[in-house]
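Structure first, commentary second.
In the numbering used here, the protein residues as written are 1442 to 1736.
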C-alpha cells in the first residue's frame, strides 16, 4: 500500500528524485514525522480547522462519525471501508491515507519524471518500511532495474534478513537508519530490537551492497556525545561504511498526530539545531567518514 508519491524531490539521494512512500512499518518511533505511515492499513486523518460542517462524512459513516460540541468525533474502529470516505469531504478536512496501487500504476507516475533522470537522480523507496512490503515492491525494483533507473531505499533495517537480502542487487544505495546500540532504550522509544538492526547492517556490509548510515539525532533518546559516539564507533567497525548523515529532530509531523487522534510523545521537545551536531560531525570525520547534516 502506498500513501504518497512525491515528485521532484531533491532529498533522499543525488539529483531530482521521485519518492514512493510505502505504508506500514514494524517500528513506532516516538519522533516519527509520518505517523500515518506506521499502520499497514488505511488511516483516517481529520483536520478540524478545515471542517465546514457539511456533514457528508456523517451520512456515509453515521455510526463511526458523530458531531458534538467539540466538533467531529471519529471512532476509527467502526469504519469498515475507509475507501467510501476518500472523496466525500469537499474541504479535505477528512482524508484517507493509503492507496492500493499496482506496479504499473506506480510506474506511470514515475515515468512522468523520466526526463530528469538522464544525468542523475532516480527513485527513492521510503515509508513506512519498504522492506516490509510484499512481492509487488520487489517487482517494482526489477522493473526499475530494467529501465536503468537509479534506486535508493530508506530503511529501518528492522526486518528479517531474507526481506533485505532479496533486494540486494536491485537497490543502488540503501539509506540505513542506525538509531541506538542500547537494546532497552531502543525498545522503549521504537518498540523494536536494536540487535536485529545491527545484525542486518553487519550482513549488509558483508554483502558488498552500497549503503549510507543515517543517524537521527533525538533529544532524550540518543542526543549525547556518549550515545552518538557509540553509534559512530559501531559504524567504524564495518568494512564498507563510508558515509554518515546526521538527521536532526524536528517537529514537522506533530500536527498529524492530532489529525490521527494519537498522542505525540515528543510534545514540548525543541528541534535540534545544526550547530548542536558539530561534535558529532567532527568525531565522525575523525573516524574517516564522509559526514554531513541531512541526506
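All residues carry an ideal CB built from backbone N, CA and C; glycine is no exception. Remember, it's a predicted structure, so these values are computed and weren't measured experimentally.
Asked                                                                                                    : Found
Those residues which DSSP pairs with residue 1618 across a bridge                                        : 1655
Sequence-distant residues of its chain with Cβ nearer than 7 Å to residue 1683 (five each side left out) : 1730 and 1731
CB of residue 1686 within 7 Å of CB of residue 1633, strictly                                            : no
Buried or exposed by the 16-neighbour rule on C-beta atoms within 10 Å, applied to residue 1572          : buried
Bridge partners - residue 1535, DSSP secondary structure assignment                                      : 1487
Beta-carbon spacing of residue 1722, residue 1476 below 7 Å                                              : no
Reduced DSSP category for residue 1594 - H, G, I as helix; E, B as strand; rest coil                     : strand
Neighbour-count burial assignment, residue 1674, 16 or more Cβ in a 10 Å radius                          : exposed
Within 7 Å, strictly: CB atoms of residue 1526 and residue 1501                                          : yes
Beta bridge counterpart(s) of residue 1563 as assigned by DSSP                                           : 1458
Meets three-Cβ-pair contact criterion under 8 Å: the region 1453-1469 and the region 1508-1520           : no
Any 3 or more C-beta pairs closer than 8 Å across the region 1621-1629 and the region 1589-1603          : no
Simplified DSSP state of residue 1511, which is helix, strand or coil                                    : coil
Residue span of the alpha helix (DSSP H) that contains residue 1629, given as start and end              : 1624-1631
Spatial distance of residue 1522 from residue 1482 (CA atoms)                                            : 11 Å
Cβ distance (whole Å) where residue 1615 is taken to contact residue 1558 below 8 Å                      : Rounded, the Cβ-Cβ distance is 19 Å, inconsistent with contact.
Under the three-state DSSP convention, the category residue 1698 falls into                              : helix
Candidates 1715, 1611 and 1497: closest to residue 1587 by CA position                                   : 1611
Distance, residue 1590 Cα to residue 1505 Cα                                                             : 44 Å
Cβ-Cβ distance between residue 1659 and residue 1705 below 7 Å                                           : no
Reduced DSSP category for residue 1573 - H, G, I as helix; E, B as strand; rest coil                     : helix
Alpha-carbon to alpha-carbon, residue 1656 and residue 1474                                              : 15 Å
Nearest-angstrom Cα separation, counted from residue 1636 out to residue 1624                            : 7 Å
Cβ neighbour criterion (16 or more within 10 Å) applied to residue 1508                                  : exposed
Of the listed residues 1720, 1566, 1499 and 1490, nearest to residue 1478 (C-alpha basis)                : 1566
Element boundaries [beta strand (DSSP E), containing residue 1719]                                       : That residue, residue 1719, is in no beta strand (DSSP E); its alpha helix (DSSP H) goes 1719-1727.
Which of helix, strand or coil DSSP assigns to residue 1686                                              : strand
Environment of residue 1448 [buried if 16+ CB atoms lie within 10 Å]                                     : exposed
8 Å Cβ shell around residue 1646 - same chain, five flanking residues per side excluded                  : 1652, 1679, 1680, 1681 and 1682
Environment of residue 1716 [buried if 16+ CB atoms lie within 10 Å]                                     : exposed
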